[in-house]
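Chains as they are written, first to last, in the numbering used here: chain A, 1 to 193; chain B, 194 to 816. C-beta: ideal position from N, C-alpha, C; glycine also. Notes follow the structure.
This is the structure in structure tokens:
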């Protein structure tokens with residue numbers, strides 16, 4: 001693997017192969033959610049559908065996850081430009097905001113439960129639980145990547161190497177993707193109801 | 194195998210060309226011991242070398258093919274000889290053979306359904322997806338585009354091991370006391386969603402789902418790698434329009450897989466929620482044994498939509514790699530350029546696109562709106578156009594060529610025959626009005642077995658015979674290969690041709706026995722005939738497997754690098770290429786892959802520079 005990903009590889013495009021690989025994985029993940037949301041549309045068209053209001057927390061959470069994305073983007077900027085303190089601080093904030101997103105999603109599910117929308121029962125509710133649940137799993141994967149980034153940021157000496165830059169960029173692409181994904185899902189739910 | 198020392202250190206013309214004009218990527222500069230092949234575990238087990246991973250996919254696929262085909266022999270025995278005493282199968286199948294007081298053994302009907310289900314699952318996913326696309330994408334993509342390896346060898350290795358894990362889980366489910374899943378390979382709810390629906394719907398179905406989720410992961414890891422490698426790691430001069438058709442086929446196959454398999458995963462995920470969490474995605478109000486279950490408002494049709502959104506592209510995931518292999522093999526062995534190269538590429542793309550908008554033709558009988566069915570009929574029938582373009586081009590490629598009749602080219606020609614025969618019946622089934630009569634009959638069984646089962650196998654065999662010298666540095670035995678071909682060609686038609694008549698007469702598929710139905714009882718002799726043919730064909734596949742393994746160690750050695758006189762880059766590597774494929778620089782490409790019989794030369798390698806004023810990439814090739 002070492003020799004192949006180094007600069008000495010013949011490449012057709014300026015995009016690093018691993019970045020490209022991640023981008024098309026994101027396309028693939030997008031299809032997973034496209035499958036789930038189109039199932040929602042098909043099932044909803046079948047009638048016998050419970051209409052309910054989405055918890056407000058879902059909307060607040062959108063701001064949280066977008067802020068997290070912005071924080072990580074800024075952290076990446078300061079990582080490249082040598083502002084070590086800002087880089088570490090913003091990386092940490094991005095992580096905390098991501099964690100907050102999960103906590104608030106959980107609260108949102110509890111709110112749905114409290115107004116009588118259950119996981120089991122009419123599929124209208126099940127869909128929201130399951131789709132947002134699968135999304136939360138993708139956020140958790142992103143948090144795992146951020147944890148690795150944090151551990152490295154605070155344990156390794158601060159140097160900008162191509163390898164670390166690449167790793168950061170990969171994390172960044174994924175984190176933006178899952179943030180965007182939530183925006184898509186929420187828009188979808190709003191348009192559908 | 195790979196451990197034999199590299200023979201023939203002589204320099205070929207290609208070597209000189211690569212040295213002179215190849216690209217030096219300093220690949221071999223920093224090797225302090227080869228991390229990839231330093232010991233047995235890293236070389237043969239957790240290998241990150243695409244060539245070894247290809248062999249792993251192939252041999253695992255062959256293992257599953259024997260199991261899957263063996264299962265079909267057992268259920269064919271039941272269909273051909275329903276009155277026969279099967280107690281002799283008890284040592285193999287144990288309690289699945291029920292022995293009555295007189296000592297007469299019969300196959301447990303429940304297990305019959307499990308066999309049918311597993312046969313379909315194994316052949317579609319493990320053999321014709323992983324075993325075909327996994328093998329040849331891995332083997333040929335880096336070799337034919339001039340790359341050292343895949344974009345991510347690590348993910349490539351994981352792709353194989355997820356496949357292995359998936360297979361291990363499925364294999365274990367065969368030994369459950371309640372049996373493996375038995376509700377058909379399509380796993381329609383409620384049989385799949387209700388654990389109490391049948392004995393196989395409990396643990397058997399749970400393991401089936403888990404296994405296939407790992408399988409999806411394997412396909413995706415492989416697919417993202419194939420796409421990235423083709424787009425990113427082509428060598429200098431290897432433009433997209435110079436790619437061999439094999440690579441085009443694998444590339445598009447990977448894209449289809451990447452877009453459709455996640456949808457299957459979402460379908461399985463909702464299924465798991467229904468089974469484990471008590472949701473009602475697929476289950477409407479259901480009474481079991483007089484008791485109302487808790488499910489409310491689910492739709493089993495929803496699953497069919499999600500399943501066939503993968504399911505239909507899946508048949509092209511199976512057939513496109515075979516088409517790519519056949520295109521290459523036919524051109525090489527006919528010593529002629531492939532006819533209509535660009536038309537071949539565009540037809541692959543057209544088939545790929547259309548494959549996503551025809552899924553409901555599997556659901557004409559499930560109550561979809563007949564008006565909407567019209568669109569699916571239309572798009573389905575349009576697939577005949579690019580398919581016909583391909584068939585026309587294969588035939589015109591062979592036409593007036595100097596076809597070498599070896600195992601590889603015979604199987605390629607056999608593929609075209611099968612694809613035509615099976616494709617024509619697709620035109621019948623694609624019509625929703627005719628499908629009402631033919632749906633779920635043996636006509637469907639005959640259609641898809643010929644067009645995507647046998648045809649894909651023929652493409653795979655063609656590929657194996659053709660690239661075996663590259664894989665193992667030896668040839669497979671030609672005589673056995675020809676026996677394998679002729680026997681399988683005749684045998685496969687003997688199995689599936691009669692099934693069309695059964696289907697036209699309305700004989701339904703998946704039934705355990707027919708002798709109790711007056712309308713179908715007179716087909717007993719035909720069913721016997723089919724079963725006997727199936728046994729003969731199975732024996733011939735065993736012969737192939739014997740030939741395969743025998744030849745690894747005892748086959749005739751390859752003495753020249755390019756035994757077929759082919760243009761593509763894999764034949765410029767040493768006979769046993771090590772990690773990194775080319776010992777020095779990587780080749781620079783100056784022309785397309787199909788300069789055969791050009792300007793009096795039998796073949797012109799892709800690394801051969803253009804002569805003054807020479808046209809290439811097919812320009813003027815047919816003048």
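Identified DSSP bridge partners for residue i
i: residue 789(B); result: 796(B)
i: residue 525(B); result: Bridge partners of residue 525(B): none, in fact.
i: residue 163(A); result: In the DSSP output, where bridge partners are listed per residue, residue 163(A) has none listed.
i: residue 259(B); result: Residue 259(B) is not bridged to any residue.
i: residue 272(B); result: According to DSSP, which records beta bridges pairwise, residue 272(B) is partnered with nothing at all.
i: residue 298(B); result: 292(B)
i: residue 216(B); result: 779(B)
i: residue 634(B); result: 701(B)
i: residue 551(B); result: Answer is none; residue 551(B) lacks a bridge partner.
i: residue 667(B); result: 750(B)
i: residue 485(B); result: 480(B)
Residue i vs residue j beta-carbon contact at 7 angstroms
i: residue 216(B); j: residue 781(B); result: yes
i: residue 421(B); j: residue 524(B); result: no
i: residue 370(B); j: residue 397(B); result: no
i: residue 43(A); j: residue 453(B); result: no
i: residue 374(B); j: residue 393(B); result: yes
i: residue 699(B); j: residue 618(B); result: no
i: residue 774(B); j: residue 766(B); result: yes
i: residue 32(A); j: residue 459(B); result: yes
i: residue 597(B); j: residue 526(B); result: yes
i: residue 513(B); j: residue 446(B); result: yes
i: residue 594(B); j: residue 529(B); result: yes
i: residue 108(A); j: residue 162(A); result: no
i: residue 427(B); j: residue 338(B); result: yes
i: residue 291(B); j: residue 299(B); result: yes
i: residue 561(B); j: residue 645(B); result: no
6 angstroms Cβ shell around residue i - same chain, five flanking residues per side excluded
i: residue 226(B); result: At residue 226(B), the pLDDT of 46 sits below 50, so the modelled position is not reliable; the number obtained from the coordinates is stated separately. Answer for residue 226(B): no residue qualifies.
i: residue 346(B); result: 241
i: residue 601(B); result: 522, 655, 658 and 659
i: residue 462(B); result: none
i: residue 97(A); result: 64, 67 and 68
i: residue 815(B); result: Only weak support is given to the placement of residue 815(B): the predicted model assigns it a pLDDT of 48, under 50, and the value that follows is read from those uncertain coordinates. Excluding sequence neighbours, residue 815(B) sits near nothing in its chain.
i: residue 220(B); result: 341 and 773
i: residue 516(B); result: 442
i: residue 557(B); result: 566, 625 and 628
i: residue 178(A); result: 138, 139 and 142
Cβ-based neighbour list, residue i, same chain, cut-off 7 angstroms, excluding 5 preceding and 5 following
i: residue 319(B); result: 254, 257 and 360
i: residue 75(A); result: 87, 90, 91 and 94
i: residue 266(B); result: 727, 728 and 731
i: residue 623(B); result: 554, 570, 573 and 574
i: residue 104(A); result: 57, 60, 61 and 64
i: residue 416(B); result: 447, 450 and 451
heavy atom of the ligand SAH below 6 angstroms from residue i C-beta
i: residue 659(B); result: Among the components modelled here there is no ligand, and therefore nothing to report on the ligand SAH.
Cutoff 7 angstroms: residue i Cβ touching any chain E Cβ
i: residue 43(A); result: Reference to chain E is not applicable here, since the protein chains of this structure are A and B.
Contact set for residue i: own chain, Cβ-Cβ below 8 angstroms, skip 5 residues either direction
i: residue 6(A); result: Residue placement at residue 6(A) is poorly supported in this model, since its pLDDT is 41, which falls under 50; the coordinates still yield a value, given next. If we look at residue 6(A) and ignore the five residues flanking it on each side, it has no Cβ neighbours.
i: residue 485(B); result: 478 and 479
Scan the region 78-108 of chain A for residues whose Cβ lies nearer than 9 angstroms to a Cβ of chain B and list them as they occur along the chain.
-> Listed by position, the residues of the region 78-108 of chain A near chain B (Cβ gap below 9 angstroms) amount to none.
Given 8 angstroms, three or more beta-carbon pairs between the region 233-253 of chain B and the region 334-348 of chain B = Touching, yes.
Between the region 580-588 of chain B and the region 533-550 of chain B, are three or more C-beta pairs nearer than 8 angstroms?
-> With a cut-off of 8 angstroms, the region 533-550 of chain B and the region 580-588 of chain B count as touching, because enough Cβ pairs lie within range.
Residues of the region 438-453 of chain B with a CB closer than 8 angstroms to any CB of chain A: list them in chain order, please.
-> The residues in question are 451, 452 and 453.
Taking Cβ-Cβ distances below 9 angstroms as the criterion, which residues of the region 340-354 of chain B are in contact with chain A?
-> Interface annotation for the region 340-354 of chain B against chain A: 340, 341, 342, 343, 344, 345, 346, 347 and 348, criterion Cβ-Cβ distance under 9 angstroms.
Are the region 403-411 of chain B and the region 350-365 of chain B in contact at 8 angstroms, needing three or more beta carbon pairs?
-> The answer is yes - the region 350-365 of chain B touches the region 403-411 of chain B, with three or more Cβ pairs under 8 angstroms.
The region 376-385 of chain B in contact with the region 429-443 of chain B per 3-pair CB rule at 8 angstroms = No: the two stretches stay apart, fewer than three of their Cβ pairs being nearer than 8 angstroms.
Could you name the residues of the region 407-421 of chain B whose beta carbon sits closer than 8 angstroms to any beta carbon of chain A, in the order they occur along the chain?
-> If the cut-off is 8 angstroms between Cβ atoms, the region 407-421 of chain B has 413, 416, 417, 418, 420 and 421 near chain A.
Taking one C-beta from the region 690-705 of chain B and one from the region 792-802 of chain B each time, how about it: are there three or more such pairs within less than 8 angstroms?
-> Judged by Cβ distances under 8 angstroms, the region 690-705 of chain B makes no contact with the region 792-802 of chain B, as fewer than three pairs qualify.
Check distances from the C-beta atoms of the region 256-280 of chain B to those of chain A and list, in chain order, the residues that come in under 9 angstroms.
-> Hits within the stretch: zero.
What are the residues of the region 466-480 of chain B that lie near chain A, defined by any Cβ-Cβ distance shorter than 8 angstroms?
-> Listed by position along the chain: 466, 470, 471, 472, 473 and 474.
Should the region 745-752 of chain B be regarded as contacting the region 660-675 of chain B, the criterion being three or more beta carbon pairs within less than 8 angstroms?
-> Three or more beta-carbon pairs drawn from the region 745-752 of chain B and the region 660-675 of chain B are found closer than 8 angstroms, and the two stretches are therefore classed as touching.
Pull out every residue of the region 134-155 of chain A whose Cβ sits closer than 8 angstroms to any Cβ of chain B, in chain order.
-> When CB distances to chain B are screened at a threshold of 8 angstroms, the residues of the region 134-155 of chain A falling below it are 134, in chain order.
Residues of the region 14-28 of chain A with Cβ closer than 8 angstroms to any Cβ of chain B, in chain order = Cβ contacts with chain B: 15, 17, 18, 20, 21, 24, 25, 27 and 28.
Assess, as a yes-or-no matter, whether the region 46-66 of chain A is touched by the region 147-156 of chain A under the definition of 3 or more beta carbon pairs within less than 8 angstroms.
-> Contact annotation: the region 147-156 of chain A does not touch the region 46-66 of chain A, with fewer than three C-beta pairs closer than 8 angstroms.
The region 554-575 of chain B: positions lying closer than 7 angstroms to chain A by Cβ | Within the region 554-575 of chain B, no residue qualifies.
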